[in-house]
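2 protein chains.
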Amino acid sequence: MKALNVQLLMTGNELLSGDIVDSNSAMIAQALKELGIEIKRKVTVSDDIELIAQEIKNISQQADILIINGGLGPTVDDMTAQAIALASDKPLTEHPQALQHIKAWCKKRKSELNSAGLKQTLLPDGCSIIANSVGSAVGMQLTHNNCEIYSTPGVPKELKVMLNEEIVPSLAKKVPSEMKLEVTRLQVYGVGESSLQTLIDDEFPDWPDELELGFRATIPLLEVKLTSRTSTAKALKIHWLEKLKSLLGDHIINEISSRPINLAEQVLTLLREKNQQITTAESCTGGLIASLLTEIPGSSQSFEAGFVTYSNTIKSEILEVEPSIIAQHGAVSEATVLAMAKGALAKAHADIVIAVSGIAGPGGATPDKPVGTVWMAWGSSNKIFSHCFHLNGGRIYIQQHVAAIGLDLIRRLLINSEEQANYLK
Amino acid sequence: MKALNVQLLMTGNELLSGDIVDSNSAMIAQALKELGIEIKRKVTVSDDIELIAQEIKNISQQADILIINGGLGPTVDDMTAQAIALASDKPLTEHPQALQHIKAWCKKRKSELNSAGLKQTLLPDGCSIIANSVGSAVGMQLTHNNCEIYSTPGVPKELKVMLNEEIVPSLAKKVPSEMKLEVTRLQVYGVGESSLQTLIDDEFPDWPDELELGFRATIPLLEVKLTSRTSTAKALKIHWLEKLKSLLGDHIINEISSRPINLAEQVLTLLREKNQQITTAESCTGGLIASLLTEIPGSSQSFEAGFVTYSNTIKSEILEVEPSIIAQHGAVSEATVLAMAKGALAKAHADIVIAVSGIAGPGGATPDKPVGTVWMAWGSSNKIFSHCFHLNGGRIYIQQHVAAIGLDLIRRLLINSEEQANYLK
Chain A
1 MKALNVQLLM TGNELLSGDI VDSNSAMIAQ ALKELGIEIK RKVTVSDDIE LIAQEIKNIS
61 QQADILIING GLGPTVDDMT AQAIALASDK PLTEHPQALQ HIKAWCKKRK SELNSAGLKQ
121 TLLPDGCSII ANSVGSAVGM QLTHNNCEIY STPGVPKELK VMLNEEIVPS LAKKVPSEMK
181 LEVTRLQVYG VGESSLQTLI DDEFPDWPDE LELGFRATIP LLEVKLTSRT STAKALKIHW
241 LEKLKSLLGD HIINEISSRP INLAEQVLTL LREKNQQITT AESCTGGLIA SLLTEIPGSS
301 QSFEAGFVTY SNTIKSEILE VEPSIIAQHG AVSEATVLAM AKGALAKAHA DIVIAVSGIA
361 GPGGATPDKP VGTVWMAWGS SNKIFSHCFH LNGGRIYIQQ HVAAIGLDLI RRLLINSEEQ
421 ANYLK
Chain B
426 MKALNVQLLM TGNELLSGDI VDSNSAMIAQ ALKELGIEIK RKVTVSDDIE LIAQEIKNIS
486 QQADILIING GLGPTVDDMT AQAIALASDK PLTEHPQALQ HIKAWCKKRK SELNSAGLKQ
546 TLLPDGCSII ANSVGSAVGM QLTHNNCEIY STPGVPKELK VMLNEEIVPS LAKKVPSEMK
606 LEVTRLQVYG VGESSLQTLI DDEFPDWPDE LELGFRATIP LLEVKLTSRT STAKALKIHW
666 LEKLKSLLGD HIINEISSRP INLAEQVLTL LREKNQQITT AESCTGGLIA SLLTEIPGSS
726 QSFEAGFVTY SNTIKSEILE VEPSIIAQHG AVSEATVLAM AKGALAKAHA DIVIAVSGIA
786 GPGGATPDKP VGTVWMAWGS SNKIFSHCFH LNGGRIYIQQ HVAAIGLDLI RRLLINSEEQ
846 ANYLK
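These protein sequence lines are chains A and B, in that order.
Take the first sequence: its position 228, counting from 1, is numbered 228 in this note's numbering, and each next residue is one higher.
Heads up: take any position in the second sequence, counting from 1, add 425, and you land on this note's numbering.
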């Protein structure tokens, strides 16, 4: 079967001026991809009625489906309805359902229906409307030159609702069910994309063509995507997903069912399950690990105290690190980071600790401790582990990388993992 | 004078699949805007040589300038050079300067020049190259159908360098100097966009048309932009910029000359100038303020210790807040946050402190303290100020808003400001 020719027409001066980045087209592409529909071409033009009409004429002659985004609002630069009317040589007429929608919208918001609002009810003759449950402007649907045209609002929230509630269900009917895609997404950490690709090539030389394997870097996590057509045998999918999962082991943070999660959220979930408390003792990450944990709602249940101890004096005074340890081994050392971890555990009355001392740069390096040298200690009062990492990159990159590693070390501790992670590849 | 017709052609499957958001075209638009050049139209297509060649043919017939982005790399999906050759009916030949570039590139990285690398030296006959100081692929420049075509790499870092070093200077020659734009940018905080617009309308009813005033929200800061043509009288610009600056007063963080700065950076600059130390005592922001400060290189000079004290016990044990104060007034209260500030100052031996205790939600609200109730205390051992803010929004939004307000309060303290900020509009 021939693939549908689907094109996008994005309108708006702000998309061409660089004042905003166009994320709407990515939202449309992602929604359509689940149906197995790929976008062939996208054209972006400014709020110029002649230009918009010209593109609609051109695209409708090539494409099966055209999705227009933007230009449905009440102001003078909103001119998609007029442009469609011009391109398809149809008059603008007041659409009864659009009028009904805007009246109800104004009533709900206790505002007057003015002439700007009434402009939104003038639509190309013969079009049907696409409901908008969260905004004043309805969308339009019509056929021109055998091309199905959908016109959608530029406000991302409104576009999202219209895509999910109206357009995707409508397009789904045009795609044979065996063409549709089923996607399984795993969030992993502790293995790099290229090592993982090599590992899979080596372990699974007979990986079936029907299952497309993809990777997407969602820093710091890696998303592993298994995509197949609905027509692919279910048994085949289950079999290879299991093999993939067993290969990935404890690198898997989460299988995305409803929404992706992050490392801090997973750590807090595990802590809650065990009814345990965590504390942080941070030098070079400067509160970033504490901040990532406390971003998560309900974190106060498992996090009572965190310490940012930059100077040596403070490490000694607040975390009771013996000054002689720092004097002998330096602030960035195994002995110091272990003492920081012990001190924080005691001061915070916590069960679990992560302590970090390192050189995030650009200053602070010594010949034997270059920028990126980071000692971490993590564990419980039973046992505290420690390791020295050597990272590359700028200050913020190093801080973020260290924070992610720290959270993942805690996650692996909490699931009693004995597998080895490789955080540097 | 007629404006130049400038169009963009963006190539890459990932731009149409929604896996990445296209920020390169915004970068190009912003760079060209400084020259007074607007982009008229943008077309995005997948890595399909026929499609790319077709678009090049079409656009080169309409436009004065075409900037192509993407497809210059060594892999098989990189096919811009072939597409230009196809569209312009020119053979691909080995370009001596491109060969020289890739040889030097490989030598510097101690890697072998392989066939994939050699592919990058095969360029359309007669084109000139655009130097790439940070990547393996050179850009191309040629004229076809009287249209000047620039071909640029998809890697943002490489695009940026090529724009700044080669393309903008080259295009600048095509634009008459009186058409060029001069932009002055002020970073402000403590006054909202709509209040500022009203204030300017009221105060400056005779604001001249030749000076365009624009706003850009760069959360948390607001960027105020004053744009004029080079031909506008210099005296006029200086006069109104001074009036604007005097209206904005201490809301101004920075006038952007080379690069924007953030609140934490400005606070640290002021602290260094005064040779003072800051400490943080955070409850609902959970280390975010400390983390924003320590993101900045050299922060260790002015920041030795920060405290994240979530629970009441920890507030008492670590910051020596009297348990009776918390019992009587609650953790989110003026008395508690003042005691936290005093405790942190003493423990950290610091000169300046910011302390925060509030309810970031979604849990933790009480009838008289809804989500968004945040007490802040800031000052020095001489005088500690306090204020209760009532914020709206989700947890992370509230945390980020509180952190920005906290840093701005410190900034105003350090410049001895007596002006009033309005953080909630």
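Yeah, the Cβ is synthetic: ideal placement off N, Cα and C, and Gly gets one too.
Which residues of chain A have a Cβ atom closer than 8 Å to the Cβ of residue 748 (chain B), listed in chain order? Against residue 748 (chain B), chain A offers no close residue; the least beta-carbon distance is about 15 Å (beta-carbon pairs closer than 8 Å).
Taking only three categories from DSSP, how would you classify residue 445 (chain B)? For residue 445 (chain B), the secondary structure class from DSSP, reduced to helix, strand or coil, is coil.
Restricting to runs no shorter than 3 residues, where is the beta strand (DSSP E) found entirely within the region 662–737 of chain B? Restricting attention to beta strand (DSSP E) runs no shorter than 3 residues, the region 662–737 of chain B encloses them at 677–681, 703–707, 728–734, ordered along the chain.
Which whole-angstrom value is the C-beta distance of residue 831 (chain B) and residue 703 (chain B), which I expect to be below 8 Å? Contact doesn't hold; Cβ gap of about 11 Å is too wide.
Interface residues of chain A facing residue 481 (chain B) [CB-CB closer than 7 Å]: In chain order: nothing, as chain A lies at least about 14 Å away.
Return the chain-ordered list of same chain residues with a C-beta closer than 7 Å to the C-beta of residue 459 (chain B), the five sequence neighbours on each side being excluded. Apart from the 5 residues on each side of it in sequence, residue 459 (chain B) sits with its Cβ closer than 7 Å to the Cβ of 606, 608 in its chain, given in chain order.
Per-residue DSSP class, three states only, for residue 378 (chain A): In the three-state reduction of the DSSP assignment, residue 378 (chain A) falls in the strand class.
Just to confirm, is the Cβ distance from residue 402 (chain A) to residue 414 (chain A) under 8 Å? Taking 8 Å as the Cβ cut-off, residue 402 (chain A) and residue 414 (chain A) do not qualify as a contacting pair.
Do residue 85 (chain A) and residue 92 (chain A) have their C-beta atoms within less than 8 Å of each other? In contact: residue 85 (chain A) and residue 92 (chain A) (Cβ atoms closer than 8 Å).
Suppose the cutoff is 7 Å on Cβ atoms and the five residues either side in sequence are ignored; what does the same chain contact list for residue 546 (chain B) look like? The beta carbon of residue 546 (chain B) is closer than 7 Å to those of 519, 520, 523, 524, 527 in its chain, skipping five residues each way along the sequence.
For residue 53 (chain A), list the residues DSSP reports as bridge partners. Its beta-bridge partners do not exist; DSSP assigns none.
Near residue 148 (chain A), which residues of its chain fall below 6 Å by C-beta distance, leaving aside the five closest residues on each side in sequence? Same-chain partners within the cutoff: 65.
Per-residue contacts from residue 194 (chain A) into chain B (C-beta, under 7 Å): Result: empty, since nearest Cβ-Cβ is about 14 Å, beyond 7 Å.
For the beta strand (DSSP E) that contains residue 232 (chain A), what are its first and last residues? In the DSSP assignment, residue 232 (chain A) falls outside any beta strand (DSSP E), carrying neither H nor E.
Is the distance from the Cβ of residue 281 (chain A) to the Cβ of residue 343 (chain A) below 8 Å? Yes, these two residues count as a Cβ contact at 8 Å.
In DSSP terms, what residue 783 (chain B) is bridged to: Partner(s): B:799.
Starting from residue 141 (chain A), follow the alpha helix (DSSP H) in both directions and report where the run begins and ends. Boundaries around residue 141 (chain A) are those of the beta strand (DSSP E), 139–144, since no alpha helix (DSSP H) includes it.
Taking a Cβ distance cut-off of 9 Å, strictly less, list which residues of the region 344–371 of chain A are near chain B, in chain order. Result list: 347, 348, 349, 360, 361, 362, 363, 364.
Taking 8 Å as the limit between beta carbons, can you name the residues of its chain near residue 125 (chain A), skipping five residues before and five after? In its chain, beyond the 5 residues on either side, 85, 90, 91, 92, 93 have a beta carbon closer than 8 Å to the beta carbon of residue 125 (chain A).
Top-ranked residue by Cα proximity to residue 74 (chain A), from A:389, A:113, A:326: Measuring from the Cα of residue 74 (chain A), the nearest candidate turns out to be A:113.
With 16 as the cutoff for other CB atoms within 10 Å, does residue 436 (chain B) come out buried or exposed? By the neighbour-count criterion, in which 16 or more other beta carbons inside 10 Å mark a residue as buried, residue 436 (chain B) falls on the buried side.
Need the endpoints of the alpha helix (DSSP H) that residue 428 (chain A) sits in, please. There is simply no residue 428 (chain A) to check, as chain A begins at 1 and stops at 425 in what is shown.
Count Cβ pairs between the region 302–312 of chain A and the region 731–742 of chain B that sit closer than 8 Å; are there 3 or more? Yes, the region 302–312 of chain A is in contact with the region 731–742 of chain B.
Where the alpha helix (DSSP H) containing residue 826 (chain B) begins and where it ends: In the DSSP assignment, residue 826 (chain B) falls within the unbroken alpha helix (DSSP H) covering 820–839.
With DSSP run on the structure shown, which of helix, strand or coil describes residue 791 (chain B)? In this structure, residue 791 (chain B) counts as strand in the three-state DSSP scheme.
Tell me which residues of the region 8–21 of chain A have at least one Cβ-Cβ distance to chain B shorter than 9 Å, keeping chain order. Here the close residues are 8, 10, 13, 15, 16, 17, 18, 19, 20, 21.
Within the continuous beta strand (DSSP E) that includes residue 124 (chain A), where are the two ends? Its beta strand (DSSP E) spans residues 122–124.
Note down, in chain order, each residue of its chain lying with its Cβ closer than 7 Å to the Cβ of residue 582 (chain B), except the 5 sequence neighbours on either side. If the five residues before and after residue 582 (chain B) are omitted, its C-beta is found closer than 7 Å to the C-beta atoms of 559, all from its own chain and listed in chain order.
Quick one: is residue 25 (chain A) buried, meaning 16 or more other Cβ sit within 10 Å of its Cβ, or exposed? By the neighbour-count rule (16 or more Cβ atoms within 10 Å), residue 25 (chain A) is buried.
Check distances from the C-beta atoms of the region 34–55 of chain A to those of chain B and list, in chain order, the residues that come in under 8 Å. Cβ proximity to chain B below 8 Å picks out 38, 39, 40, 41, 42, 43, 44, 45, 46, 51 from the region 34–55 of chain A.
Is it buried or exposed, residue 40 (chain A), if we count other Cβ atoms within 10 angstroms and call 16 or more buried? It counts as buried.
Buried or exposed by the 16-neighbour rule on C-beta atoms within 10 Å, applied to residue 569 (chain B): Flag for residue 569 (chain B) reads buried.
Under 8 Å between the Cβ atoms of residue 670 (chain B) and residue 677 (chain B)? Contact: yes.
Below 7 Å on C-beta distance, what does residue 303 (chain A) contact in chain B? Contacts between residue 303 (chain A) and chain B, judged by CB atoms closer than 7 Å, involve 735 in chain order.
Cα-Cα separation between residue 652 (chain B) and residue 635 (chain B), rounded to whole angstroms: Their backbone Cα atoms lie some 8 Å apart in a straight line.
Less than 8 Å between CB atoms is the rule here; does residue 703 (chain B) satisfy it with respect to chain A? Not closer than 8 Å to any Cβ of chain A, the Cβ of residue 703 (chain B) fails to qualify, so no.
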